[in-house]
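Notes follow once the structure below has been shown.
Protein chains in written order, with our numbering: chain A, 1 to 209; chain B, 1001 to 1194.
Rendered as structure tokens:
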């Protein structure tokens, strides 16, 4: 297949993600594709990650998903992963709940919260994670999310694009997943960067990254 | 106000976050409730933390903890803290390269570069810390064969030839050189560039 890859999770009956499509492989936990034609993680209190196995992306890549439901409360999350290893939970992850959002660096099952908890995910919004070299960037509808981007070198291999989620939230779902390579034609959001200079904080508008 | 700190990392199950701050799996809430960003020193249990909007009250309470290092507001002043050697070397950050004119900003950037190297080592080794068995005064040739493989792979991942590294070098020298790699390149924490 070719990138960008997409999946809209259309199904005639509820089934596990890996049964629904051979293009997905679980790395940890598992996902469900319900008759609402979207996707959610499916095991109680378990971190879930699945990789899109049909394509091998570049190391500079993105993964995004549109949120379709957030009805389960704070303990249930849905989102995306980048540079997801095939052998262990090693990746960058950006996922959210009805009350908060989180960005993690995972290495062999141990995960570091890279920033304070972000604002809640919102139904209908598209959440995207971009990994460009050591720049790890969470986006909401193409705009930098409040967690902000982060320099991190933990995971440099391209590995795979993927999904991320937590617990069995059948009412915490995403749809229209897309993953691909970053390129010069990739949409460049307008962001604001604070530059610490001496004791002052100088704010500049910065177009493009 | 925005402040940089060195803060211990606490771990709950598989999750790690900054001690004293509020995070998802904070084991002893309430932590400091502000916007923060964390740059871990690889798998070593310390991190550079940028508190984006910490209150003066929380700041004063935080720096009472002896395991927290507080960077001054003015990063462009020369490093003058007499206790810096003890604190930094105690968490495997070399300070023997500091000169009287080194500024806190230069120190901060070197630190961040060192942290990136140990992060990459953690990723390549699938969860190990460069200082798991070694210290700053361990020579490269005294790492285990497996640790040497991971170290070399880390060096390669940053675009360098490990064959050019003298095996007699101390880790303190090498981790400092790793910090030099980032000269002229920005670091970002939660959208803040330094």
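The beta-carbon is built from N, C-alpha and C at its ideal position, and this holds for glycine as well. Computed from a predicted structure; not experimentally measured.
Secondary structure of residue 1123 of chain B, DSSP reduced to three states: Looking at residue 1123 of chain B - three-state DSSP - the assignment turns out to be helix.
Could you check how far apart the C-beta atoms of residue 1190 of chain B and residue 1022 of chain B are, in whole angstroms? I think they sit under 8 Å. Between residue 1190 of chain B and residue 1022 of chain B the beta-carbon gap is near 15 Å, outside 8 Å, which marks them as no contact.
Whose C-beta lies closer than 8 Å to the C-beta of residue 1073 of chain B among residues of the same chain, with five residues either side of it excluded? Within the same chain, Cβ atoms closer than 8 Å to the Cβ of residue 1073 of chain B are found at 1001 and 1003, the five residues on either side in sequence being excluded.
Can you look up residue 173 of chain A in the DSSP assignment and give me helix, strand or coil? Residue 173 of chain A: strand per DSSP, three-state reduction.
CB residue 1154 of chain B to CB residue 1175 of chain B, shorter than 7 Å? No, Cβ-Cβ distance for residue 1154 of chain B and residue 1175 of chain B is not below 7 Å.
Of the residues A:5, A:27, A:32 and A:28, which one's Cα is nearest the Cα of residue 14 of chain A? Minimum Cα-Cα distance from residue 14 of chain A among the listed residues A:5, A:27, A:32 and A:28 corresponds to A:32.
Could you work out which residues of chain B lie near residue 141 of chain A, taking near to mean beta carbons separated by less than 9 Å? Contacts between residue 141 of chain A and chain B, judged by CB atoms closer than 9 Å, are missing: the closest CB pair is about 17 Å apart.
Bridge partners of residue 178 of chain A, per DSSP? Paired residue(s): A:6 and A:64.
Residue 1042 of chain B and residue 1119 of chain B: beta carbons closer than 7 Å? If you check the CB distance, residue 1042 of chain B and residue 1119 of chain B come in under 7 Å.
Bridge partner(s) assigned by DSSP for residue 124 of chain A: Beta-bridge pairing links residue 124 of chain A to no other residue.
At 7 Å on the CB atoms, spell out the chain A contacts of residue 1035 of chain B, in chain order. For residue 1035 of chain B, the neighbours in chain A by C-beta distance under 7 Å run, in chain order, 116.
Using beta carbons (cut-off 7 Å, strictly below), is residue 110 of chain A in contact with chain B? Cβ-Cβ to chain B under 7 Å: yes for residue 110 of chain A.
Compare the C-beta of residue 61 of chain A with all C-beta atoms of chain B and state if any pair is closer than 7 Å. So, not an interface residue.
Going by CA-CA distance only, name the one from B:1126, B:1100, B:1090 and B:1076 that's closest to residue 1108 of chain B. Here the closest residue by C-alpha is B:1076.
Report all residues from its chain with a CB closer than 8 Å to the CB of residue 118 of chain A; omit the five preceding and five following residues, and keep chain order. If the five residues before and after residue 118 of chain A are omitted, its C-beta is found closer than 8 Å to the C-beta atoms of 96, 100, 101, 102, 103, 138, 145, 146 and 147, all from its own chain and listed in chain order.
Whose Cβ in chain B lies nearer than 7 Å to the Cβ of residue 211 of chain A? Because chain A is modelled from 1 through 209, residue 211 of chain A falls outside the range shown and cannot be assessed.
Contacting residues, own chain, Cβ-Cβ under 7 Å from residue 214 of chain A (five flanking each side not counted): There is simply no residue 214 of chain A to check, as chain A begins at 1 and stops at 209 in what is shown.
Using DSSP with H/G/I as helix, E/B as strand and the rest coil, what is residue 51 of chain A? Residue 51 of chain A falls in the strand class under three-state DSSP.
Please say whether residue 181 of chain A and residue 58 of chain A have beta carbons closer to each other than 7 Å? Yes, Cβ-Cβ distance for residue 58 of chain A and residue 181 of chain A is below 7 Å.
For residue 1031 of chain B, which of B:1144, B:1051 and B:1040 has the nearest alpha-carbon? Nearest in C-alpha terms to residue 1031 of chain B, of all of B:1144, B:1051 and B:1040, is B:1051.
Along chain A, which residues have their Cβ under 9 Å away from the Cβ of residue 1080 of chain B? Residue 1080 of chain B does not reach chain A, its nearest Cβ partner there being about 16 Å away, counting only Cβ pairs nearer than 9 Å.
Determine, for residue 149 of chain A, whether the minimum Cβ-Cβ distance to residues of chain B falls below 7 Å. Output row for residue 149 of chain A: interface = yes.
Here's the rule I'm using: 16 or more other beta-carbon atoms within 10 Å means buried, otherwise exposed. How should residue 86 of chain A be labelled? It counts as exposed.
Nearest chain B C-beta to residue 187 of chain A closer than 7 Å, yes or no? Per-residue confidence for residue 187 of chain A stands at a pLDDT of 45, beneath the threshold of 50, marking its modelled position as unreliable; no derived number is given.
By the 10 Å Cβ neighbour count, where 16 or more other Cβ atoms means buried, how is residue 1188 of chain B classified, buried or exposed? Counting Cβ neighbours within 10 Å, residue 1188 of chain B comes out buried, since at least 16 surround it.
Runs of alpha helix (DSSP H) lying entirely within the segment 1027–1100 of chain B, each at least 4 residues, in chain order: Counting only runs of 4 or more, we get 1056–1062 and 1084–1090.
Quick one: what's got a C-beta closer than 6 Å to residue 1088 of chain B's C-beta in the same chain, skipping five residues either side? Excluding sequence neighbours, residue 1088 of chain B sits near 1095.
What in chain B is Cβ-close to residue 144 of chain A, meaning under 9 Å? Below the 9 Å Cβ cutoff, chain B contributes 1191 as neighbours of residue 144 of chain A, in chain order.
Euclidean distance between Cα positions of residue 38 of chain A and residue 173 of chain A: Taking the straight line joining both Cα atoms gives about 6 Å.
Nearest-angstrom Cα distance between residue 171 of chain A and residue 1164 of chain B? Approximately 56 Å between the Cα atoms of the pair.
Check residue 1194 of chain B in the structure and name its three-state DSSP category. Here residue 1194 of chain B sits in coil by DSSP.
Relative to the C-alpha of residue 135 of chain A, which candidate in A:54, A:60 and A:50 has its C-alpha closest? Closest option to residue 135 of chain A, Cα to Cα, is A:60.
Sequence-distant residues of its chain with Cβ nearer than 8 Å to residue 1035 of chain B (five each side left out): For residue 1035 of chain B, where only same-chain residues beyond five positions count, the Cβ hits under 8 Å are 1051, 1052, 1053 and 1190.
Excluding sequence positions up to five away, which residues of its chain have a Cβ less than 8 Å from the Cβ of residue 1186 of chain B? Close CB contacts of residue 1186 of chain B within its chain, under the 8 Å cut and outside five residues either way in sequence, are with 1193 and 1194 (chain order).
So with Cβ pairs under 7 Å, would you call residue 1126 of chain B a contact of chain A? By this cut-off, residue 1126 of chain B is an interface position.
Given that a residue counts as buried once 16 or more other Cβ atoms are within 10 Å of its Cβ, and exposed if not, what is residue 203 of chain A? The predicted model places residue 203 of chain A with a pLDDT of 34, which falls under 50 and marks its position as unreliable; any figure quoted below should be read in that light. Result: exposed.
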